[in-house]
Amino acid sequence: AKREDCNSGVAYGGNKTRKLEYLVADALAQGCDTLVSIGGVQSNHTRQVAACAARAGLTCVLIQESWVEWPDSVYDKVGNILISRLAGADVRLVRAGFGIGFKESWEQALREVEESGGKPYAIPAGASDHPLGGLGFAGWAYEVAEQERELGVFFDTVVVCSVTGSTQAGMVAGFAALEEAGGRPRRVLGIDASAKPAATREQIARIARNTAQLIGVERELTETDVELDERYHAGIYGIPDETTLAAMRLAARTEGMVTDPVYEGKSMAGMVDLVERGEIARDSTVLYAHLGGQPALNAYSALF
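Here it is, written out as structure tokens:
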């Protein structure tokens, strides 16, 4: 596993921190003073935005929508949202359902910052649907290639969870660039956790295409470059099934590796099942991309 939860030391890390390296730098270059972002109540992304804003000396406004109907009285008080509040973010709870597109509540928050004399920087859900959203994980692909050279190994298959899409998109673009430079082809296997795979697949392809252009990939990437398995999302975003929970227990009880019930539990379930089915060959060398997410466990304590 390549551990994005261990990547930074900033508020428990996670995959969004790698993306925010580019977006926060852009915000500072533009003279912005406030990061404005959006996610669910237990969004790992918004927690990382809050922490990165604090590190950069910026104000932070977070729109936290009701992406998950979870009947626990502490759901909006613990875990990621607690850390965001601790980091000083202006956290605003909004009654709106799950969706990876732009939302009126987020656009309203941007307008309010401007009206109060601030200069906002817009960060969409997951830091994904943004011109720079895929660059962090394009760089991740190059980092993997360098680590492979150091270790004398080649990962022919990468397994990654996908919802807002720029993590997988960046990987696809980065590995395409490496392949054009003479590298070996490999499989980037996305495990959908959105339960809206058509929208996720389209967004992955669009971000991959844009990112590939930014980093100089000669061919145009399309949806045929995107592999997204939609068998493991448990039917709804943010709620695990027994397959998810079994995979979480397996990872914790065999490797001491903690996964979450929203994202990594589902991608772990997918990887395990695909190996058992032979859809990932047993002689494959597989790299599991652990994207973080453990702080959300506190909001799901009733499951355990």
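All residue numbers for the sequence shown refer to the numbering used here, where the first residue is 9 and numbers rise by one.
Where is the CB? At the ideal position from N, CA and C, for every residue including glycine.
Contacting residues, own chain, Cβ-Cβ under 6 Å from residue i (five flanking each side not counted)
| i | result |
| --- | --- |
| A255 | G273, M276, A277, V280 |
| Q211 | G173 |
| A216 | A177, V180, A181, L229 |
| H138 | P132 |
| S136 | T172, G173, S174 |
| A9 | Y296, H298 |
| G224 | none |
| Y240 | I199, K274, A277, G278 |
| P193 | E187 |
CA nearest to the CA of residue i, picked from the options
| i | options | result |
| --- | --- | --- |
| T230 | M265, N23, A181 | A181 |
| E112 | I46, E156, L159 | I46 |
| E156 | G191, V168, G125 | G191 |
| V32 | R261, A62, V76, Q50 | A62 |
| G109 | P132, T54, L118 | P132 |
| L101 | G107, L94, I89, A95 | I89 |
| N52 | A260, G246, M265, L197 | G246 |
| E287 | L197, A242, P139, E158 | L197 |
| P310 | V283, Y150, P269, E29 | Residue 310 is actually Ala in this sequence, not Pro. The shortest Cα separation from A310 among V283, Y150, P269, E29 belongs to P269. |
| A220 | D84, E188, P193, H241 | E188 |
| V167 | K27, V283, Q50 | V283 |
| F106 | C169, W78, L253, V152 | W78 |
| A307 | K85, G224, T252, R285 | K85 |
| F312 | T262, D291, R257 | R257 |
Beta-carbon separation (whole angstroms), residue i vs residue j, contact threshold 8 Å
| i | j | result |
| --- | --- | --- |
| G142 | A177 | 5 Å |
| G87 | P303 | 5 Å |
| A207 | G243 | With a Cβ gap of about 16 Å, A207 and G243 do not count as contacting. |
| T54 | S92 | 6 Å |
| A58 | A97 | 4 Å |
| G144 | E29 | 6 Å |
| R214 | D164 | Contact flag wrong, Cβ pair sits at about 26 Å. |
| V49 | Y20 | Not confirmed; about 17 Å, so no contact. |
8 Å CB neighbourhood of residue i in its chain, flanking five on each side removed
| i | result |
| --- | --- |
| V161 | T293 |
| V171 | I108, G134, D200, A201, S202, T208, Y245, Y271 |
| D34 | Y129, L140 |
| A149 | G178, M179, A181, G182, F183, A185, L186 |
| A260 | V266, T267 |
Own chain residues within Cβ distance below 7 Å of residue i, not counting five before or after
| i | result |
| --- | --- |
| T25 | N15, S16, V18, Q56, C60 |
| E238 | D200, P205 |
| N23 | E12, T175, L299, G300 |
| V121 | T42, V44, V69, P128 |
| A104 | E73, S74, K111, S113 |
| A153 | L186, G191 |
is_contact[residue i, chain D] using C-beta, thresh 7 Å
| i | result |
| --- | --- |
| T208 | As a matter of chain content, chain D is missing from the structure shown, which is built from one protein chain. |
Worksheet item: Whole beta strand (DSSP E) runs in the segment 217 to 286 with 3 or more residues, listed along the chain?
Response: 235 to 237
Fill in: Three CB pairs or more closer than 8 Å across the segment 221 to 236 and the segment 62 to 74
Not touching, per the Cβ criterion.
Fill in: Inside the segment 47 to 112 only - alpha helix (DSSP H) runs reaching at least 4 residues
Here the runs fully enclosed are 52 to 64, 88 to 94.
Worksheet item: What are the complete alpha helix (DSSP H) segments, minimum 4 residues, inside the segment 140 to 226?
Response: 143 to 159, 174 to 188, 205 to 222
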